[in-house]
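Protein chains in written order, with this note's numbering: chain A, 2 to 204; chain B, 2 to 204; chain C, 2 to 204; chain D, 2 to 204.
By construction, the Cβ of each residue, glycine as well, lies at the ideal position given by its N, Cα and C atoms.
Just so it is clear, the structure is predicted and the values come from calculations on it, not from any experiment.
Read through the structure below, which is laid out as structure tokens, and then see the notes.
4 protein chains.
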Amino acid sequence: MIFMGRYSYWCADAARMEKAVTSSTEFPQTNARSAWLSDDEMQAVRAHLPIVYVEAVPVRLDGAGRLVSVGLLLAPTPDGSISRTLVTGRVLHGETIRAAVLRHIAKDLGPMAIPRLPVSPAPFTVAEYFPDPQITGFSDPRQHAVSLVFVVPVDGDCQPSQSALDLTWLSPAEAVSPGVAAEMSGGRDRLVRMALSFAGALP
Amino acid sequence: MIFMGRYSYWCADAARMEKAVTSSTEFPQTNARSAWLSDDEMQAVRAHLPIVYVEAVPVRLDGAGRLVSVGLLLAPTPDGSISRTLVTGRVLHGETIRAAVLRHIAKDLGPMAIPRLPVSPAPFTVAEYFPDPQITGFSDPRQHAVSLVFVVPVDGDCQPSQSALDLTWLSPAEAVSPGVAAEMSGGRDRLVRMALSFAGALP
Amino acid sequence: MIFMGRYSYWCADAARMEKAVTSSTEFPQTNARSAWLSDDEMQAVRAHLPIVYVEAVPVRLDGAGRLVSVGLLLAPTPDGSISRTLVTGRVLHGETIRAAVLRHIAKDLGPMAIPRLPVSPAPFTVAEYFPDPQITGFSDPRQHAVSLVFVVPVDGDCQPSQSALDLTWLSPAEAVSPGVAAEMSGGRDRLVRMALSFAGALP
Amino acid sequence: MIFMGRYSYWCADAARMEKAVTSSTEFPQTNARSAWLSDDEMQAVRAHLPIVYVEAVPVRLDGAGRLVSVGLLLAPTPDGSISRTLVTGRVLHGETIRAAVLRHIAKDLGPMAIPRLPVSPAPFTVAEYFPDPQITGFSDPRQHAVSLVFVVPVDGDCQPSQSALDLTWLSPAEAVSPGVAAEMSGGRDRLVRMALSFAGALP
């Protein structure tokens, strides 16, 4: 019964979304069919498959390309608390990794942010989030997520938008300080140190 | 009704799989719940979410660590034809990337293969497969797959197993020859050249 | 006596160069003492030590960060012929890798070029040039050079300057065409393909 | 005259070194012409050119390729004190990077060590050593060295040899502990953390 409900929902939703997708100009080259999945359905899928995520560590560079500061967002976490975090989100069906990174940066840092995506499609690391924090040190109570993580220099005017409450630019030393690390969850303090290490800027 | 059917299937299957998983020594540390998804269900999910894959380019090295040859499998493709291909497969729910790479290597190259996984969890590249080959050059008629690709030195005795019909070790020059490239599909000829390039062995 | 001889030469030179360096505003933060080495001395050192080089593959990106074109210079080679080449040059004593890359880009592409150095100090590959082309496929008749190679997106107005005769922006397909490859020497056609591969843009 | 002087010195030295090199079994496959440089000459060159180094962080992996421990040497430093350090040394004229890494590992870890060089010739980072520790955080009182750094899994029996007094295998947590970090010099404690970060094993 439960599932029949879901299936009919999918069908009804499919017709509705088909129209939405057709009339949408937002993702001209992507077929954002994953929008068909309701919250309940997404929750069901999350129990059975790893979900593809992208994560961006926004940074400011000086004229010689050296990392000067790291941008950390203040945002609600899945468990309802407030936490410092990075730009992150799902990759939709039909969406390229690059498009997903750009979409989530625009969503979190505002439309005036000018990100400089790395030339290579390879992430500098892959963070594997499991409900159990013992497996990799990265944890997400909701799901098994495979997150491709990029360090992204961002020019322009960044304004926290949508769900983010604040955006703070910290020096590498501040970003790895115990106080700031304690305000991050799911292992993201470690991810910040890994990003700084990759950039040659780990204090 | 359909879903109830599916749900009961899941429950029945769950009992069956639980036993299989419990009695299996193959994936001691992974919770292979995604195996609960039937082919039909997997097909439904594939239409709505990108699926996480790993891909390994098996290579032989000489004593100084230089790439000497590349291992290509001969295997049936999703469309039914026979094609040269790489070690590839899904990442299961609860399974780490490393465990998935090792499992697929054991599956395709046999139990006597001794793979040397790279130290870093970052893939050398990410291949994004779409049904439409125009988007990235990598295509899969069944799905949108995000594939983390690794170059994996393999020692020991490799024997094509399971679905693979044959395994051939080719020199870099042979591996990029037009004849061999024509026998690969979905853009995997390009992936082989990218792997050789990463290894400093592109002819 | 031998050393005194050499030292007097160096000392005389030092006074001359000290002045040049002091009056120069070109490398404010580097101590360009290697400029003290005359051509003859540099030639002598080249016979006994590997020399550190940097190399940059200038590229243009589209809005999503995808590689659109590669910039190739037309310049005289060490053997006197004209050849398509990349931005390249020595790292001076006291100079950082980043400063060297920026200096050579400014030298070859002009002062209006705006390079975006990668965040990471790690090169995407290391090209080892030997007089003997058999060793690595990269050759330089003058020396053993260890070249750290970077793919560098360049904005702004690029004008070939100094020794470069011309600068041409080519699509990936053009850049790897046999005609263009034949106009490159020392293995740089292969380096261009490796850069495209790293960027996910190898045709 | 000056150059003749220098050359006669080199020629005399060459005869002496030729003998040394011929009778040596230490560098079987390399053309160790840089060995012709006497200590005084090397010192003179060091004042004028950056010197190419390789550095290896020896690690032990478990069956799944995860980093389990890091090997740190106890050895005299250039300034005469004793310090924990990594496998490190110059690249000789005519020697490939791979050959240099293998030679220095054999020199420091003994002939029974079985290193697994990474497939890619690109180092995971480049450490730039300057006499002034302010420039990059990596310092060497003797010289400007450009060091290509690799994480190298080592199997077999490792025995500290030649100048190394001891070899200790430490867990990642031990390797980054303040006590151990204080025993390293020139910024190598940071290099160890960077290597662990690259390997996904930074605590």
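#### Entry: CB of residue 55 of chain D within 8 Å of CB of residue 102 of chain D, strictly
Translated into positions along the fourth sequence, residue 55 of chain D becomes position 54. Translated into positions along the fourth sequence, residue 102 of chain D becomes position 101. In contact: residue 55 of chain D and residue 102 of chain D (Cβ atoms closer than 8 Å).
### Query
Name the residues in the stretch 181 to 201 of chain D whose C-beta lies less than 8 Å from a C-beta of chain A; which are they?
191, 194, 195, 198, 199, 201
### Task
Whole angstroms is fine: what's the gap from residue 40 of chain D's alpha carbon to residue 50 of chain C's?
One-based indexing of the fourth sequence puts residue 40 of chain D at position 39. One-based indexing of the third sequence puts residue 50 of chain C at position 49. Near 14 Å, if we compare the C-alpha coordinates of residue 50 of chain C and residue 40 of chain D.
### Message
Determine, for residue 126 of chain B, whether the minimum Cβ-Cβ distance to residues of chain C falls below 8 Å.
### Response
Walking along the second sequence from the start, residue 126 of chain B turns up at place 125. Closer than 8 Å to some Cβ of chain C, the Cβ of residue 126 of chain B qualifies, so yes.
### 8 Å Cβ shell around residue 62 of chain D - same chain, five flanking residues per side excluded
By 1-based counting over the fourth sequence, the position of residue 62 of chain D is 61. Taken in chain order, the residues that qualify are 68, 69, 154.
### Query
Going along the chain, which unbroken runs of the alpha helix (DSSP H) with 4 or more residues stay wholly within the stretch 146 to 192 of chain C?
173 to 176, 179 to 183
### Query
In terms of DSSP beta bridges, what is residue 129 of chain A paired with?
Sequence index remark: in the first sequence, residue 129 of chain A carries index 128 (1-based). According to DSSP, which records beta bridges pairwise, residue 129 of chain A is partnered with A/147.
### Query
Hey, is residue 171 of chain D's beta-carbon within less than 8 Å of any beta-carbon in chain A?
For the purposes of this step, residue 171 of chain D is identified with residue 170 of the fourth sequence, where counting begins at 1. For residue 171 of chain D, no CB of chain A lies under 8 Å from its own CB, so it is not counted at the interface with that chain.
### Message
As a quick exercise: from B/59, B/162, B/80, B/96, pick the residue whose alpha carbon is nearest that of residue 200 of chain B.
### Response
If you number the second sequence from 1, residue 200 of chain B lands on position 199. It is B/59 whose Cα lies nearest to the Cα of residue 200 of chain B.
#### Entry: Secondary structure of residue 103 of chain D, DSSP reduced to three states
Mapped onto the fourth sequence, residue 103 of chain D falls at position 102. Helix, per DSSP.
### Task
Excluding the 5 residues preceding and the 5 following residue 4 of chain D in the sequence, name in chain order all residues of the same chain whose CB lies nearer than 7 Å to its CB.
The sequence position of residue 4 of chain D within the fourth sequence is 3, counting from 1. Its pLDDT being 30, under 50, residue 4 of chain D is placed unreliably in this model, and the coordinates cannot settle the point.
### Partners in chain C for residue 203 of chain B, counting only beta-carbon separations shorter than 8 Å
Translated into positions along the second sequence, residue 203 of chain B becomes position 202. Result: 191, 194, 195, 198.
### Message
Using the three-state DSSP reduction, which class does residue 56 of chain D fall into: helix, strand or coil?
### Response
Position 55 of the fourth sequence, counted from the start, is the residue given in the question as residue 56 of chain D. Three-state result, residue 56 of chain D: strand.
### Message
Against chain B, with Cβ distances strictly below 8 Å, would residue 155 of chain A count as a contact?
### Response
Locating residue 155 of chain A in the first sequence gives position 154, counting from the first residue. Against chain B, the CB of residue 155 of chain A has no partner CB under 8 Å away; the residue lies outside that interface.
### Query
Distance, Cα to Cα, residue 98 of chain B vs residue 43 of chain D?
Taking the second sequence and counting its residues from 1, the one referred to as residue 98 of chain B is at position 97. Taking the fourth sequence and counting its residues from 1, the one referred to as residue 43 of chain D is at position 42. The alpha-carbon atoms of residue 98 of chain B and residue 43 of chain D are separated by roughly 47 Å.
#### Entry: Beta-carbon proximity check, residue 139 of chain B vs residue 128 of chain B, cutoff 8 Å
Looking up residue 139 of chain B in the second sequence gives position 138. Looking up residue 128 of chain B in the second sequence gives position 127. In this structure, residue 128 of chain B lies closer than 8 Å to residue 139 of chain B by Cβ.
### Query
Going along the stretch 56 to 86 of chain A in order, which residues come within less than 8 Å of chain C, judged by CB to CB distance?
60, 62, 65, 66, 67, 68
### Message
Give me, in chain order, the residues of the same chain whose beta-carbon lies closer than 6 Å to that of residue 134 of chain C; leave out the 5 immediate sequence neighbours on both sides.
### Response
Taking the first residue of the third sequence as 1, we reach residue 134 of chain C at position 133. Within the same chain, residue 134 of chain C has close Cβ partners 140.
#### Entry: Pairwise C-alpha distance: residue 89 of chain A and residue 167 of chain C
Translated into the one-based positions of the third sequence, residue 167 of chain C becomes position 166. Translated into the one-based positions of the first sequence, residue 89 of chain A becomes position 88. Whole-angstrom Cα-Cα distance: 43 Å.
### Unbroken beta strand (DSSP E) run spanning residue 92 of chain B, endpoints
As a first step, residue 92 of chain B is located in the second sequence; it is residue number 91 there, counting from the start. Element bounds for residue 92 of chain B: n/a, residue is neither H nor E.
### Message
If you reduce the DSSP assignment to three classes, tell me which class residue 85 of chain A lands in.
### Response
Counting from 1 along the first sequence, the entry for residue 85 of chain A is found at position 84. Strand, per DSSP.
### Beta-carbon proximity check, residue 113 of chain C vs residue 160 of chain C, cutoff 8 Å
Taking the first residue of the third sequence as position 1, residue 113 of chain C is located at position 112. Taking the first residue of the third sequence as position 1, residue 160 of chain C is located at position 159. In this structure, residue 160 of chain C lies closer than 8 Å to residue 113 of chain C by Cβ.
### Task
For chain A, find out if any of its Cβ atoms is closer than 8 Å to the Cβ of residue 26 of chain C; answer yes or no.
Numbered from its first residue, the third sequence carries residue 26 of chain C at position 25. With a pLDDT of 31 at residue 26 of chain C, under the threshold of 50, the modelled position of that residue is not reliable, and no figure is offered here.
### Query
At a Cβ threshold of 8 Å, is residue 174 of chain D touching chain B?
Here residue 174 of chain D refers to the residue found at position 173 of the fourth sequence. By this cut-off, residue 174 of chain D is not an interface position.
### Query
If you compare alpha carbons, which of D/194, D/137, D/95 is closest to residue 73 of chain D?
The residue labelled residue 73 of chain D in the question sits at position 72 within the fourth sequence. Nearest option by C-alpha distance: D/194.
### Message
Going by C-alpha to C-alpha distance, which of A/117, A/86, A/136, A/180 sits closest to residue 66 of chain A?
### Response
Along the first sequence, one-based indexing puts residue 66 of chain A at 65. The residue with the shortest Cα to Cα distance from residue 66 of chain A is A/117.
### Message
So for residue 140 of chain C, helix, strand or coil by DSSP?
### Response
Mapped onto the third sequence, residue 140 of chain C falls at position 139. Under the three-state reduction of DSSP, residue 140 of chain C is assigned to strand.
### Query
In this structure, what does DSSP give as the bridge partners for residue 69 of chain A?
What you label residue 69 of chain A is simply residue 68 of the first sequence in a count that begins at 1. Beta-bridge pairing links residue 69 of chain A to no other residue.
### Buried or exposed by the 16-neighbour rule on C-beta atoms within 10 Å, applied to residue 82 of chain C
The residue given as residue 82 of chain C occupies position 81 in the third sequence. Answer is exposed; the Cβ neighbour count stays below 16.
### Message
Distance cutoff 8 Å, beta carbons only. Does residue 119 of chain B sit that close to anything in chain A?
### Response
Along the second sequence, one-based indexing puts residue 119 of chain B at 118. Chain A has no Cβ within less than 8 Å of the Cβ of residue 119 of chain B.
### Message
Against chain D, does residue 23 of chain B count as a neighbour if the rule is that its beta carbon must be under 8 Å from one of theirs?
### Response
Counting from 1 along the second sequence, the entry for residue 23 of chain B is found at position 22. For residue 23 of chain B, the pLDDT reaches just 30, beneath the cut-off of 50, and the residue's location in the model is therefore unreliable, leaving the point undetermined.
### Message
Which of the three DSSP states is assigned to residue 117 of chain A in this structure?
### Response
The sequence position of residue 117 of chain A within the first sequence is 116, counting from 1. Here residue 117 of chain A sits in coil by DSSP.
### Message
Within 8 Å of any Cβ in chain D, is that where the Cβ of residue 122 of chain B sits?
### Response
Counting from 1 along the second sequence, the entry for residue 122 of chain B is found at position 121. Chain D contact via Cβ: present.
### Task
Please list, in chain order, all residues of the same chain as residue 191 of chain C whose beta carbon is under 8 Å from its beta carbon, the five residues on each side excluded.
The residue you call residue 191 of chain C lines up with position 190 of the third sequence. Correct list, in chain order: 138, 139.
### Task
Let me know if residue 95 of chain C comes out buried or exposed under the rule of 16 or more other beta-carbons within 10 Å of its beta-carbon.
In the third sequence, counting from the first residue as 1, residue 95 of chain C sits at position 94. The residue is buried, with at least 16 neighbouring Cβ atoms inside 10 Å.
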